[in-house]
Structures are given as C-alpha cells and as structure tokens.
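Colleague:
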Amino acid sequence: MTEPSRSRTWALTALTATQLMVILDGTIVNVALPTIRADLGFSGAGLAWVVNAFFVAFALLLLPAGRLADLVGARRVFLGGLVLFTAASALCGLAPGPELLVGARFLQGVGGALASAVVLGMIARLFDDDERRRSQAFGLLAFVGAAGASIGVVAGGLLVDLASWRWVFLVNVPIGLVTILVALRHLDPARGTGFRRAGSVGGGGLVPRALLRAPRFVVANGVLLTMTMAGFSFQFLSALYLQDVLGLDPLATGLSYLPVTIAIAGSSLVLSGRLAERYGAARVLVAGLALFVGGLLLLARTPGDGTFWIDVAPAFVVMGAGFGLAMPQVTSLAMADAPSEHSGAASGLVTTTQQVGGVIGLAVVSVVADAAGLGAGLLVAAVVLAGGTTLATTLLRTGPGVGRLPAEQTAAPTLERC
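According to our numbering, the stretch in the sequence shown is residues 95 to 512, in order.
1) Mapping DSSP to helix, strand and coil, what is Ser332?
2) I think Ala211 touches Thr447, with their Cβ atoms under 8 Å apart; what is that distance to the nearest whole Å?
3) Give me, in chain order, the residues of the same chain whose beta-carbon lies closer than 8 Å to that of Leu383; leave out the 5 immediate sequence neighbours on both sides.
4) Quick one: grab the DSSP three-state call for Arg395.
5) For Val262 versus Val254, is the C-beta spacing smaller than 8 Å?
6) If Ile245 and Leu109 are in contact, beta carbons under 8 Å, what's the gap, nearest whole angstrom?
7) Compare the C-alpha of Ala314 against each of Tyr373, Val213, Leu490 and Gly250 and name the closest.
8) Between the beta-carbon of Leu305 and the beta-carbon of Ala153, is there less than 8 Å?
9) Can you tell me whether Arg377 is buried or exposed, with buried defined as 16 or more other CB within 10 angstroms of its CB?
10) DSSP on Thr129, reduced to helix/strand/coil?
11) Report the residue from Gly191, Leu185 and Pro190 whose alpha carbon sits nearest the alpha carbon of Gly203.
12) What are the start and end residues of each continuous beta strand (DSSP E) run of 3 or more residues lying completely inside the stretch 402-440, in chain order?
13) Could you tell me the alpha carbon to alpha carbon distance between Gly296 and Asp223, rounded to whole angstroms?
14) Helix or strand or just coil, what does DSSP make of Trp261?
15) Should Val461 be labelled buried (16 or more other beta-carbon atoms within 10 Å of its own) or exposed?
16) What does the alpha-carbon distance come out to for the pair Ser294 and Phe148?
17) Can you tell me the Cβ-Cβ gap for Phe172 and Ala209, rounded? I've got them flagged as a contact below 8 Å.
18) Which term fits Asp399, buried or exposed, when burial requires 16 or more other beta carbons within 10 angstroms of its beta carbon?
19) Using only alpha-carbon positions, find the residue among Ala346, Gly414 and Ala257 that is nearest to Ala359.
20) Taking 7 Å as the cut-off, is the CB of Ser362 close to at least one heavy atom of the ligand FAD?
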C-alpha cells in the first residue's frame, strides 16, 4: 500500500470512528437510564432530558455546521466538534448531579453535530478520484450507521453490568483522543470559501440555492427521507415485538439484531459497490429498496405467537440486504451531484434528512401501531418506502451509467488541494 493510500485509509478510519461514537452515544445511554436515575436522583420527566438534550442540540446544528464547513474548512469544523464531543463525554462521566449531566449531554450533541455534519463531504473529497473506493467508503459508513444502534444496546448493557453507568460516557474519551491524533495527522487542512464569498457561490443561507438546482441531489434526498422513515420505524416496532411479544430482555433484543447487522455488512461492504460499478448506482439503489420493502412486508405478517428464527430472522435478513445495497448508493448519488464548493452544506443536509425522516417516521407509525397494531405500523412504513422506490426509478431515465458520472461532473477538490 502506497503512503497516500495508507493516509487515506487512516483518514477514513478517523471519520468512521467518529461517526460510530456519535451514533452509539444516541442509543448506548438508554440501557443505563434506570441506574442513572437511581444514582443521581433524576425525576421521571428530568430523566428524559438525558436523551433529549443530546438529540435537540444535534438536530438543530447539523445544517449550520455543514454550511460553516464550506466557509471555514471541513477539517476545522470536524476537529472542533470531535474535541468538544470528547471533552463533553468526560464531563458526562464525571457529572455529580442531574443538571451537569444534562448540560454535558447538550454539549455532546453540539460536538456530535459539528463532527458528523461534515463526514460525508470529507469522504466524497477524500476519494474524488476513485469511484469504487468512494462507494466502498459510503458502504462502510452505511454499515456503521445501521449497526450502531444494535451495538449501542449490547455495549451499554455490558458496561453497566461490568463497570458503571459512567463508563457509558467515559469510554468515548480514550477513543476520542486517539481519533483526534489520527485526524490531525491524516486529514489535510481544507480551506473554505470564506464569509465574504459565501453569497457569490450559489447563494447564502443554510441551504445554498445551487444544491436545490441539482436534480439527483434533490431526488436522492427524497429517497433517503423515505428510507430513514422506514428504517427508524422498523427499529422501533421490531424492538417492541421482540420484547412485548417474544418476551426478550434488552440484551437479548440487541443480540437479535445480529442477522440484520450481518446482512447489512455483507451487502454494503461487499456487494453494493461492485454491483454499482457494473450496473450503475441507480439500478442497485432501486433493487435494494425493493428488497427493503419486501422485508418490511414479511415482518408485517409476523403472527402473535411467532418465533424469532422462523418469523423474524428471515425478514431481518431481507431488510438488511436491501438496506445495505441501497444506502451507499443513495448517498453516493446525492454527494456526486452536489457542487464541490457546497459539499459541507450537502453533507449537513443529507445528515439532517436522515434525522428528520426518523422523527417523522416514529411519529406516524407509533400512532398507527397504537391504534391498529404493530403489523399496521410496518405496513405504513412499507408503503412510504414503496413511494421512495418509485421516486428512485426516475434516476434510471438517464441510462444504466447513472451514478458513474464523467470525471468533470463528480470531481471535488481533494483534501490536499483544499
């Protein structure tokens, strides 16, 4: 492996490790909540803010963070967010009372938003001259995002049982420090456009007008919205089924997601990029979405007296394979069509789309499931995703090579040139 290739591999490691930490931090704390309440004396209403403080800050700052990266440089924003996230994790783990813990969780959300908002754009620039490696990198990111929730449940249970709830947060500190050192060494400084030029390169504001004029970027974001609506709905409803119907405890529930995690790993890390190279990103995206819809329909028909290996695991595998095929390609299509000078804003908007999709999906299916049962909620998720699949087929009209754009259309400045 050549030195530039080795350096890019280390840079990708730093970016994905940070993304995994942020994703884990959104779920790992859930298992520790009862222990935190007993130890710090939280009220019932106050305990919810241990979770909400993180997500409120995270959701509100994704778009501003992405836009800031275009102006001052993605590396600066990423490192600033990572340093803040690591320091806030230490504060969380050392918090003596409820107020400081909630405040530190808010700071964690701020740091997580700053770091996460620029990851997609930095990966796109990192592999701007190698479409196959770029697709593989997005596949790795898709796997990290999908597996993070399940890993969080299992890791949270183990840390609470073997150490204490404080290590749910403190575990981020050594990982964060190592990642900061790797990022400093291998992420080259990237200059932004500057505040004075902000209005002359496609419009000011959080979402530059140039992004809204990029057809594939807009369509890919619409598809991504339906994917995250369906994905978050699946996680929520399947967890209820596993615990309320099958009677599994939280740790066993987390382990039950291994089939879907393994399926996502195989399809996103191995198959998605290779198939896209041969057939085009859009075709692989549509095929993956069709599998995802099929898996939701299989799960929706799960009986009340079902068993995991017969009724649940097959649906999990089908959904995992579909998601793993589709997610790297929808991300690749969106980022390839985004103007290079707006890659930070594009990255922040794509990440925001995922958060918004999850919120909307949970709000809708929870009401439907409460009124008509878990199966009805999954059917609604399948219908929404079917709409996204139909939207994705519009990307096929430009021919089988869509997603394999000419170099002058996909090229963004590398980190070395920024």
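Don't be surprised by glycine CBs; every beta carbon is placed ideally from N, CA and C.
Modeller: Let me lay it out:
1) helix
2) Not quite, the Cβ-Cβ distance comes to about 12 Å (not below 8 Å), so this is no contact.
3) Answer for Leu383: Val317, Met321, Gly416, Ala420, Leu479, Gly482, Thr483 and Ala486, listed in chain order.
4) Arg395: coil per DSSP, three-state reduction.
5) yes
6) Not quite, the Cβ-Cβ distance comes to about 18 Å (not below 8 Å), so this is no contact.
7) With distances taken between Cα atoms, Ala314 lies closest to Leu490.
8) no
9) Arg377 should be labelled buried.
10) helix
11) Leu185
12) none
13) Note that Gly296 has pLDDT 49, beneath the 50 cutoff, so the model's placement of it is unreliable and no number is given.
14) helix
15) exposed
16) Only weak support is given to the placement of Ser294: the predicted model assigns it a pLDDT of 47, under 50, and the value that follows is read from those uncertain coordinates. Ser294 and Phe148: Cα-Cα distance of roughly 34 Å.
17) About 5 Å separates the beta carbon of Phe172 from that of Ala209, a gap short enough to meet the 8 Å contact definition.
18) exposed
19) Gly414
20) Absent from the structure shown: the ligand FAD. Ligands present: none.
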